[in-house]
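The opening residue of the sequence shown carries number 794 in our numbering; numbering runs sequentially from there. Working notes for the structure below.
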Amino acid sequence: MAKVYQQIDGRLREFIERQHLFFVATSPLAADGHVNVSPRGVPGTSCVVEERRFAWLDLTGSGSETVAHLRENGRITVMFCAFEGPPNIVRLHGTGRVISIYDEEYAAWAPRFADVPGARAVIVVDVERISDACGYGVPLMSYEGDRDLLPPYFERRGVKGSADYRRRKNRRSLDGLAAYDYDPLDEWSTLDGLAAIRGRLESVLPGWQPPAAYGVALDGVFPYVNRPGGQHRLPAVVLGTVLKHDGSTATLQMAPEQLAEAITALTPAEACTEVEHPNLAAWRRVLAEAEGKPISAVFVSSLDDEVTSDADAVLRSSL
């Protein structure tokens, strides 16, 4: 029989703190918005703060739906399931808030958690309803260990590289809500800063070699072509990063979502007024006019390489 509790203490607190995994559910206000459920389970990154308050260290990831929804409306449910021992489910319904690594408050919260590379915020939930349920439908599963993958990934990227990643992946939710857009853009305002950002992106993209020429085409038509000897090397590595491509001669089909991601990643560069940004203008035009037409990214490592497609031939004819 389900039971409602007034506070998180005693056996309830012990149960919560014993779990290796919990789930977080949030939703935008819009009726057609995407409901989100995320797992959390990196050791040392969650705690019961008070009898009606729970918190966890939010790590950089490929999305930022929870942050976006909390910023918009604060509604959240946290769920813990017993996968070992007696069956049980505990839910914490409440209101959450985001304390980013750039907030003054963050320094007071961080010592509660392990020092994990890629941390971007602390999520604090003021709990309004505490309940349990039988858990009879939850299967028995054995805990084998933690995946030591996420922290090393962002440790390799470093602090600035992790911020680069968030600017590309975390600034907007699936529904276009403001998400994790806290990372400063100062470095993007100078040519030296853009060069440093380009260098970091190049250093983590396996096998990357800047192409001699490249461009994005809509149905074989290029609004802008980057020619040999040009100065726009940052857009090239942004495209390569999104497409997981090393810059070698190739024609790659792009989904509109991939082009949108590339645009989001490159948009902060507009803060630099020392140079024009023709690739951004071209990519935005392609995305706006796509309407089911094929989008392709063409890379030409050397003009001596074999032509890879009709679009490649069009690009080379314009050089």
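Beta carbons: idealized from backbone N, C-alpha and C, even for Gly.
Going by DSSP, Tyr-1007 is part of no alpha helix (DSSP H) but of the beta strand (DSSP E) stretching over 1006 to 1011.
At the C-beta level, Cys-1065 and Ser-982 come within 7 Å of one another.
Counted as a single uninterrupted DSSP element, the beta strand (DSSP E) harbouring Asn-829 occupies residues 829 to 833. Under the three-pair Cβ rule at 8 Å, the region 857 to 864 counts as touching the region 814 to 830. The alpha helix (DSSP H) runs lying completely inside the region 891 to 951 and spanning 4 residues or more are 899 to 902, given in chain order. Cα atoms of Pro-945 and Asp-1012: separation of roughly 40 Å, rounded to the nearest angstrom. In the three-state scheme derived from DSSP, where H, G and I count as helix and E and B as strand, His-886 is classed as strand. Contact between Ser-893 and Tyr-958 is ruled out by a C-beta separation of about 15 Å, above the 8 Å threshold. DSSP, read as helix, strand or coil, puts Asn-1072 in helix.
Residue environment: Gln-1024 is assigned as exposed (fewer than 16 neighbouring CB atoms within 10 Å of its CB, all protein chains considered). In the DSSP assignment, Lys-1037 is bridged to no other residue. If you draw a 10 Å sphere on the C-beta of Ser-1095, you find fewer than 16 other C-beta atoms in it, and that means exposed. Here the C-alpha atom of Ile-882 lies approximately 18 Å from the C-alpha atom of Glu-844.
In the structure shown, Asp-1103 adopts helical secondary structure according to DSSP, grouped into three states. Annotated three-state conformation of Arg-965 is strand, per DSSP.
Look at the beta carbons and you see the region 935 to 951 touching the region 905 to 919: at least three pairs across the two are nearer than 8 Å.
Across the structure, Asp-1103 and Ser-1111 are spaced so that their CA atoms are roughly 13 Å apart.
The region 1049 to 1060 makes contact with the region 1069 to 1087; the number of CB pairs closer than 8 Å reaches 3 or more. Cys-840 and Leu-863 have their C-alpha atoms spaced approximately 19 Å apart. Val-1018 is bridged by DSSP to Gly-1008. In the same chain as Asp-851, and ignoring 5 residues on each side of it, the C-beta atoms closer than 8 Å to its own belong to Thr-859, Val-860, Val-891, Ala-912, Arg-913, Ala-914, Val-915 and Ile-916, in chain order. For Arg-993, the enclosing alpha helix (DSSP H) has its first and last residue at 984 to 997.
Exclusion of the five residues before and after Glu-877 leaves Leu-933, Met-934, Ser-935 and Tyr-936 as the residues of its chain whose Cβ lies within less than 8 Å of its Cβ.
Beta bridge pairing from DSSP links Asp-851 with Ala-914. Note that the C-beta distance between Leu-1032 and Ala-1055 is below 7 Å.
DSSP places Phe-808 in the uninterrupted alpha helix (DSSP H) bounded by 803 to 811.
Of all alpha-carbon atoms in Arg-1026, Pro-1021, Tyr-1007 and Val-1068, the one lying nearest the alpha-carbon of Ser-1089 is that of Tyr-1007.
Under DSSP, Ala-1043 forms a beta bridge with Phe-1092. Bounds of any alpha helix (DSSP H) do not take in Glu-1063, whose DSSP letter is neither H nor E. Shortest Cα-Cα distance from Asp-939 to any of Gln-1046, Glu-1069, Val-835 and Asp-968 involves Val-835. If you ignore the 5 residues before and after Arg-965, its C-beta comes within less than 6 Å of the C-beta of Ala-972, all in its own chain and listed in chain order. Residue environment: Val-920 is assigned as buried (16 or more neighbouring CB atoms within 10 Å of its CB, all protein chains considered). Nearest in C-alpha terms to Arg-806, of all of Glu-1069, Arg-961, Leu-885 and Val-1030, is Leu-885.
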